[in-house]
Ligand code: URA
Ligand code: SF4
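Numbering (our numbering), first residue to last: 97 to 297.
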């Protein structure tokens, strides 16, 4: 089974969001909180694709509201991108974790889970029709471009794909983990700063 068994045909974003609440396209729904669907402008030129909701997103049901989301907000502002103008979503829409005491530790989704969840993103893209998709990290980029895609060789490049352009960059959580956080942050903002000139062409 995949999410394809749950995606309604010809639905707009509200219909998709509603249907996604009941998705059982892979096993992750059993352990996580609510499906965290994408949010933002329904006619956005720019879609941001993350990996999967984190601990806080899983509790609240909204994407990118925890520490990585706060860093993303700051980076978007520093790059001159208005968060209200974009649509933000994740490659996998349930939180995957292991429990260590009271803490829930993020676990990277595997290829089966990424592939199972992809029909939701495909439907979001069909409904929105963006010009550019910014992939935040390897899981997002590989969900669109295949498992052999390497962010290290292509970050910051504009790659035409399926009727829009993909810009692969790092995940904001990797900036938070980086020992040289300031430098990693500036490099992340530098990638995002290329978006506006590209869309102005
Ligand atoms: N990390 C992600 O990739 N997505 C979120 O929504 C939050 C953290
Ligand atoms: Fe469905 Fe995706 Fe959740 Fe799996 S992670 S149950 S495919 S919404």
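Cβ atoms here follow ideal geometry from the backbone N, Cα and C, with glycine treated the same way.
Using a 10 angstroms sphere on the CB of residue 194, the tally of other CB atoms stays under 16, which defines it as exposed. The straight-line gap separating the alpha-carbon atoms of residue 279 and residue 291 is approximately 20 Å. Where residue 196 is concerned, the enclosing beta strand (DSSP E) starts and stops at 193–196. Judged by beta-carbon spacing, residue 181 lies beyond the 7 Å limit of residue 227, meaning their Cβ atoms are not closer than that value. Going down the chain, each residue whose beta-carbon is closer than 5 Å to a heavy atom of the ligand URA shows up: 146, 147, 149, 150, 153, 159, 160, 164 and 186.
About 20 Å separates the beta carbons of residue 295 and residue 223, which is beyond the 8 Å limit, so they are not a contact pair. In the same chain as residue 122, and ignoring 5 residues on each side of it, the C-beta atoms closer than 6 Å to its own belong to 209 and 212, in chain order. The three-state reading of DSSP puts residue 290 in coil, since its state is none of H, G, I, E or B.
Inclusion of residue 145 and residue 271 in the CB contact set at 7 Å is not warranted, their separation being larger than that value.
Taking the Cα positions, residue 119 is about 10 Å away from residue 216. Per DSSP, reduced to three states, the secondary structure at residue 231 is strand. In this structure, the ligand SF4 has no non-hydrogen atom nearer than 6 Å to the beta-carbon of residue 235. Assignment of beta-bridge partners to residue 159 by DSSP yields no partner.
Of all alpha-carbon atoms in 230, 135, 202 and 109, the one lying nearest the alpha-carbon of residue 142 is that of 230. Residue 264: member of the beta strand (DSSP E) spanning 260–265, first to last residue. Within a 10 Å sphere around the beta-carbon of residue 192 sit 16 or more other beta-carbons, which makes this residue buried. Look at residue 131 here: in three-state DSSP terms it is coil, with no helix or strand label.
Residue 165 carries a helical assignment under DSSP once its states are collapsed to helix, strand and coil. Shown here, residue 248 sits in a helix according to DSSP, grouped into three states. Between residue 252 and residue 287, the gap from beta carbon to beta carbon is short of 7 Å.
The ligand SF4 has a heavy atom closer than 6 Å to the beta-carbon of residue 124.
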